[in-house]
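To keep things clear, I will list the structure first and then write my remarks on it.
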Amino acid sequence: MADNHKHHFNSFMIFIALCVCTALSVVFDLISIESKVVVAILVFSVAIAKALFVMTYFMHLKFEGKWKYVLLAPTVILALGIPLALLPDIGVHYYTVDTPQLDDHTALTAGADGNAELPSQETPETNDEDDGHTHP
Amino acid sequence: MKMGLPIPNSKLGMWLFLGTEIMFFTAFIGSYIVLRMGSPGFPTDPDVTHIRIWAGGLNTFVLILSSYFVVVAHEAMVVDNYTKARRFLIFTFVLACLFLGIKSIEYYGKFSHDILPGRVPENAMQSVEKVEKQFGDIVRAEVAAAVPDAATYDDQLNALRSGDQSGEAANVLALAEEYNHFASHVRANLALDQKRDEKSALIILQDGKEVVTKDFRLTVARKKVTLESGKTIVLDAPDIKKTKKVEEDDEEDIAPAGEENANDAVEKPDASAEKEPALYDFTTQDGKTYRGTVEDVASTFTLTFPDGKTQEMPIADVAEERAIDRPELISADATEAESKAQLKVVEDHIHKLTKDDRFAGMLGHLHLSPPILFGNLFASCYFIMTGFHAIHVIVGMILFGIVLLQPSMEGWGDWIENSGLYWHFVDLVWIFLFPLLYIV
């Protein structure tokens, strides 16, 4: 443990950096950015920066030996298992999803008053005219 | 020779544990992202989700500050400044309490608005169904309280109808009648929307009770057979294995007694009345054969309810059967404007009832919950992620609590370092939950 503390860093500055990042996230939410994708990219960039600050300094990974790669690389790869397994069917499908909620949603977005909200823009476009079920 | 990694075993253990934790939370967070990508129209409006960015932002700050305090406490331990270390660990502990306090305010909002897995209506129909169920639960409880000595709801209601119609009992009865009226119409509409080609009907029984069915069918259930000897026997339709019309030159199979015959009998009751009664051979399931003329006797209504249950009812019990008109409330192909207008009708009706002096105190906060598309998926993801995170916060508090209970902190450096690593990880998870749940 003592070895780590030969590597001194200004923890207060890291704390300030983290606070600034958090404030930035809130600002990105409050200023009205049209595209949800842009907001997502901005806030996740900030989140990754914060995570790197915490891991590098607060968790001392900067000062640890090469073992950190051996230990963390496999877990990170395995952690992606479930999201990657779900992605093709749940997240990115070429076919039009047929669920009661979405039927209603289609009815809502076709509503007469024009205030209906369109599907989230991060959602991959699905082609309504494409009867995906008949594809191989 | 030195074996293994150049770090203390406890620290290696903590990092291995954190490795499993990375997998655990990445599964949640990653799945949430994927589910959101696959759910166009996922709720993000704070007025709908009751997600408060001030709460999330404040909690982010609280955790960052607590992480910083752990670092300060650890640095103090390294230079044997136990007093300072203890002080900053206490600050950390207090901040953890503050985090949970803010979290519980948020959870309270979710519970009070019923934004809970499996309880969020996702379309107009479900909104009406939900308020109908809540209304029914209230009425059944009130009726049961008013007539404690009757066993079933129907008995309780009958006792109310025939009893002293004054005071509180009269109000409870009035509420029950309001509910029956409301439920009849709601169920009729639900039934119609589920399958429009089915014969939904309002059946009014002899005792005045109204029953809404999704489908009803008149069934001629029994056959009275007059034998050639003049003797009569009654055969239940299911007992008849085979029916053969006796022709002079040919024997023709006819359909067994069933729906078609029943409908014919209803629609054309006089069609064969003036003809010579036809002669049939009946073979029963146990192999006996009878020859004679046939007459349908006991007819029943088979009622199919919106929930799929069926009930046989003697025709004599039914006073009137009315076809149900077009849905008054919600229809599946309604546009948004129509849906909203129809929901408003229900909402106003419920609102009017809650303001009615007779029902004061009985209906409580009964109201129509507006539909939230993918609201249940949202609630499930929200609670599983923030719930597991909160459990981790509590575990961290226990780790800090243990060391704070020690009279001297000397020798607890490794413990604090490893607890600190754990606490930073808890902070790390929140760093990703905050933008995911509160911003995007």
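From first to last, the protein sequence lines stand for chains A and B. For the first sequence, the numbering used here begins at 8 and goes up steadily by one. For the second sequence, the numbering used here begins at 30 and goes up steadily by one. From the three backbone atoms N, C-alpha and C, an ideal C-beta is built for every residue, glycine too. Just so you know, these numbers come straight off a predicted model, no measurement behind them.
| Query | Result |
| --- | --- |
| Could you say if the region 135-151 of chain B and the region 183-198 of chain B meet the contact criterion of at least three C-beta pairs nearer than 8 Å? | no |
| Going by the DSSP bridge assignment, what does residue 311/B pair with across the sheet? | 272/B, 319/B |
| For residue 75/A, list the residues DSSP reports as bridge partners. | According to DSSP, residue 75/A bridges with nothing at all. |
| How far does the beta strand (DSSP E) with residue 264/B in it reach, from first residue to last? | 261-265 |
| For a test of the three-state rule: what should DSSP assign to residue 343/B, helix, strand or coil? | strand |
| Which residues in the same chain have their Cβ closer than 8 Å to the Cβ of residue 405/B, if we skip the five residues on either side of it in sequence? | 146, 147, 148, 149, 151 |
| For a contact meaning CB atoms closer than 8 Å, what does residue 29/A contact in chain B? | 86, 89, 90, 93, 463 |
| Does the separation of the CB atoms of residue 426/B and residue 125/B fall below 7 Å? | yes |
| Is there a C-beta anywhere in chain B that falls below 7 Å from the one on residue 18/A? | yes |
| With a threshold of 7 Å between beta carbons, is residue 63/B in contact with chain A? | yes |
| From residue 252/B to residue 334/B, what does the alpha carbon distance come to, in whole angstroms? | 27 Å |
| Can you tell which of 71/A, 102/A, 80/A, 88/A has its C-alpha closest to the C-alpha of residue 34/B? | 71/A |
| Tell me the rounded alpha-carbon separation between residue 317/B and residue 256/B. | 13 Å |
| Using a C-beta cutoff of 7 Å, does residue 86/A count as contacting chain B? | yes |
| Which bits of chain D does residue 460/B rub up against, with CB to CB less than 8 Å? | Here chain D cannot be found, since the structure's protein chains are A and B. |
| Tell me the DSSP secondary structure of residue 332/B in three-state form. | strand |
| Any Cβ of chain A within less than 7 Å of the Cβ of residue 97/B? | yes |
| Output the distance between the C-alpha atoms of residue 207/B and residue 60/B, rounded to the nearest integer angstrom. | 45 Å |
| Give the list of continuous alpha helix (DSSP H) stretches no shorter than 4 residues that lie fully inside the region 383-463 of chain B. | 404-433, 442-462 |
| State yes or no: is the beta carbon of residue 97/A nearer than 7 Å to at least one beta carbon in chain B? | yes |
| Check the C-beta distance from residue 400/B over to residue 155/B and give it rounded, since I have them as a contact under 8 Å. | 6 Å |
| Using a C-beta to C-beta distance shorter than 7 Å, which residues of chain B count as neighbours of residue 89/A? | 56, 59, 60 |
| I need the boundaries of the beta strand (DSSP E) containing residue 241/B, first residue and last residue. | 239-242 |
| Rounded to whole angstroms, how far is the Cβ of residue 233/B from the Cβ of residue 348/B, which I believe are closer than 8 Å? | 5 Å |
| How big is the Cα-Cα spacing for residue 42/B and residue 97/B? | 23 Å |
| Compare the C-beta of residue 48/B against all C-beta atoms of chain A and say whether one is closer than 7 Å. | yes |
| Alpha carbon to alpha carbon, what distance is there between residue 71/B and residue 109/B? | 52 Å |
| Could you tell me whether the region 112-122 of chain B touches the region 384-394 of chain B, where touching means 3 or more Cβ pairs closer than 8 Å? | no |
| Tell me which residues share the same chain as residue 168/B and place their Cβ nearer than 7 Å to its Cβ, disregarding the 5 neighbours each side in the sequence. | 204, 205, 208 |
| Inspect the beta-carbon positions of residue 75/B and residue 54/A and report whether they are closer than 7 Å. | no |
| Measuring only the C-alpha atoms, how far is residue 269/B from residue 332/B? | 23 Å |
| For residue 135/B, which residues from the same chain have a beta carbon less than 7 Å from its beta carbon, with the 5 sequence-adjacent residues on both sides left out? | 81, 84 |
| Of all the CB atoms in chain A, is at least one closer than 7 Å to the CB of residue 160/B? | no |
| Could you name the residues of the same chain whose beta carbon sits closer than 7 Å to that of residue 429/B, not counting the 5 residues immediately before and after it, in chain order? | 118, 121, 122, 448 |
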